[in-house]
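For the sequence shown, counting from 1, position 120 maps to 126 in my numbering; every step adds exactly one. The beta-carbon is built from N, C-alpha and C at its ideal position, and this holds for glycine as well. Note sheet for the following structure.
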Amino acid sequence: MKTQLLAASAGILVLAAGLDFAIGTLPAQAQNPPLLRDWKSMITVAEPKRDAQGNLLPLQSYDETIRRGMAFLLKDHLKWFKGPPDTLLDEEGHTQMPWVYYSNLQQSGAPFPSSVDRFVSYPAFHHALAIRTFIGYSRYAGDARALEEAVKLADWNIAHSTPGDWAYGNLPYSTFQEKKPGGFRDKTGLNPDKAALMALAYLQLHEATREPRFLRAAEAIARTLSQRQRPDGTWPFRVDPKTEKVIEDYTSSVIYAVRLFEALDKLNGNDRYRANRERAWNWLLNGPIKNKDWRGFYEDIPDKPSNRTNYDCLDTIRYLLANRTKENGYLEMAEELNAWIEKVFLDKIKGFEPAEGIREQLACNVVMGIHSLNWASMLLELSEATGDEKMRQRAMQTANYITYYLQPDNRILVGFTYHQWWYSCHTGVILYLLDFAEN
7 MKTQLLAASA GILVLAAGLD FAIGTLPAQA QNPPLLRDWK SMITVAEPKR DAQGNLLPLQ
67 SYDETIRRGM AFLLKDHLKW FKGPPDTLLD EEGHTQMPWV YYSNLQQSGA PFPSSVDRFV
127 SYPAFHHALA IRTFIGYSRY AGDARALEEA VKLADWNIAH STPGDWAYGN LPYSTFQEKK
187 PGGFRDKTGL NPDKAALMAL AYLQLHEATR EPRFLRAAEA IARTLSQRQR PDGTWPFRVD
247 PKTEKVIEDY TSSVIYAVRL FEALDKLNGN DRYRANRERA WNWLLNGPIK NKDWRGFYED
307 IPDKPSNRTN YDCLDTIRYL LANRTKENGY LEMAEELNAW IEKVFLDKIK GFEPAEGIRE
367 QLACNVVMGI HSLNWASMLL ELSEATGDEK MRQRAMQTAN YITYYLQPDN RILVGFTYHQ
427 WWYSCHTGVI LYLLDFAEN
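This is the structure we're talking about:
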């Protein structure tokens with residue numbers, strides 16, 4: 007994300023059109039809402055609760071945090087949105103939900119009047135996160151509305167993917183600006199790594215619904231990625247999907263393609279993508295896992311070799327843990343990567359000790375709920391792998407802290423010092439908190 011004033015451009019989410027009975031109808035609203043200058047008045051920071059030993063307790067239970075956060079999205083959400091109604095109309099004249107076209111809003115629900123990313127969304131990454139969240143909540147709460155939203159969002163992305171006869175065909179766009187594909191930092195391009203993220207979400211949705219179109223969409227993405235993989239196992243970070251012109255070259259984010267190739271081969275009972283998976287994985291083993299050059303992830307950040315991120319690093323740690331043996335050294339690699347993340351990105355949370363938080367990236371070096379919980383969720387897995395109970399307690403203290411981000415109106419904040427409110431940071435907190443509620 008890129009900071010603006012005290013805000014951040016959080017990387018992650020965008021959902022699809024909702025049923026009127028579930029989500030509400032769009033009220034008449036004024037055009038061009040003004041900037042909310044007293045945004046801090048809309049943020050509540052509750053007094054911390056503690057047990058007898060001084061450990062931080064959650065403000066409310068994980069379950070309540072999850073359910074209220076989802077109610078904010080699923081119940082009359084259009085009444086909260088204060089933007090011009092025509093900005094939500096799609097090409098067929100149907101009203102989409104705000105998260106389809108907006109990545110962030112003011113705390114009041116109004117779009118920003120003049121910020122550079124005021125009418126930008128990040129479908130491939132953010133929508134994939136949202137689909138996973140809706141599927142997870144549907145399973146957790148037995149709420150059919152959530153699964154319906156996941157289906158609608160996936161269908162929207164399939165319908166708005168690149169033409170199949172392009173060089174990078176059948177891929178979802180990583181950026182939409184003013185309801186059109188591409189734009190902002192991506193210009194005419196897209197991020198191939200985010201297409202792999204979406205394909206993994208399609209596979210989850212196929213498993214949940216048994217609808218073959220989602221498997222076909224994931225297969226189409228995998229075919230394109232296998233055809234466009236470079237000899238060293240990588241893909242460009244930003245590339246024009248029609249002309250193949252590279253807009254920005256380096257990204258460490260190949261773990262999602264590794265997982266996609268592996269998942270499809272397992273599902274299909276063959277080794278069609280084995281060579282592709284091995285090339286990408288060997289590049290990771292001999293590249294970022296060793297040299298810690300984790301960067302080239304967020305769509306709204308320009309090329310900056312000195313930047314470092316942690317999102318794909320965390321998922322690489324998860325992959326190492328899932329594939330560890332006594333002989334391959336993957337557990338030790340996972341521990342080393344976590345130590346690097348803690349050294350570069352971890353903060354103690356003043357006033358909420360002993361909770362810890364994770365900053366998003368060096369280019370937006372601020373603690374955020376989604377990234378803190380992403381790390382804490384991974385730490386649960388690392389604790390189980392190592393038998394380190396202290397890790398588990400640290401993870402839970404961070405999860406307890408993030409429950410304080412839930413506001414009285416059921417918004418989940420990016421953080422206490424952000425004037426922007428992000429759909430991705432709201433939904434991502436729910437996704438990773440499910441790991442704690444179900445643990």
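Taking the Cα of residue 399 as reference, the smallest distance to any Cα among 383, 298 and 368 is reached at 383.
Contact check for residue 396 and residue 346: beta-carbon distance about 19 Å, past the 8 Å limit, so the pair fails to qualify. Residue 375 carries a helical assignment under DSSP once its states are collapsed to helix, strand and coil. Below 8 Å, enough C-beta pairs join the segment 73-91 and the segment 416-423 to call them touching: three or more.
Around residue 411, the same chain offers 375, 418 and 419 as residues with beta carbons nearer than 6 Å, after the five sequence neighbours per side are excluded. Ranked by Cα distance from residue 101, the options 92, 108 and 109 are led by 92. When DSSP states are grouped into helix, strand and coil, residue 298 belongs to the coil group.
By the Cβ-count criterion, residue 183 is buried, with 16 or more other Cβ atoms from all chains shown falling within 10 Å of its own Cβ. Taking 8 Å as the upper bound for CB-CB distance, residue 40 and residue 119 are in contact here, some 6 Å apart. Restricting attention to beta strand (DSSP E) runs no shorter than 3 residues, the segment 59-124 encloses them at 110-112, ordered along the chain. The DSSP-derived three-state label of residue 55 is strand.
Assigned with DSSP and collapsed to three states, residue 169 falls in coil, not helix or strand. Contact between residue 408 and residue 378 holds, since their C-beta atoms are separated by about 6 Å, short of 8 Å.
Between the beta-carbon of residue 146 and that of residue 440 there is about 6 Å, and that keeps the pair under the 8 Å contact cut. Each residue's CA atom was taken as its position, placing residue 51 and residue 306 some 29 Å apart. For residue 315 and residue 293, the gap between their C-alpha atoms comes out near 15 Å. Going by beta carbons, residue 178 and residue 231 fall outside the 9 Å limit. One alpha carbon belongs to residue 333, the other to residue 257, and they sit about 29 Å apart.
Excluding five sequence positions before and after residue 224, the CB atoms of its chain that fall closer than 6 Å to its own CB belong to 205, 208 and 209, given in chain order. When secondary structure is reduced to three states using DSSP, residue 245 falls in the strand class.
The Cβ-Cβ distance between residue 362 and residue 353 falls below 9 Å.
The closest CA to that of residue 214, considering only 365, 239, 135 and 141, is found on 141.
Pairwise C-beta distances place the segment 153-167 out of contact with the segment 62-76, as fewer than three of them are shorter than 8 Å. For residue 363, the uninterrupted beta strand (DSSP E) segment begins and ends at 362-367. Contact between residue 302 and residue 259 holds: their C-beta atoms lie close to 7 Å from each other, under 8 Å.
In the three-state DSSP reduction, residue 227 falls in the helix class (H, G or I).
The Cβ neighbour count for residue 423, taken over all protein chains shown within 10 Å, is under 16; the residue is labelled exposed. If you check the CB distance, residue 443 and residue 68 come in under 9 Å.
Shown here for residue 173: same chain residues with a beta carbon closer than 6 Å to its own, the five before and five after excluded, namely 250 in chain order. Our two residues, residue 116 and residue 47, have alpha carbons roughly 15 Å apart in a direct line. Residue 252 sits exposed, since fewer than 16 C-beta atoms from the chains shown fall within 10 Å of its C-beta.
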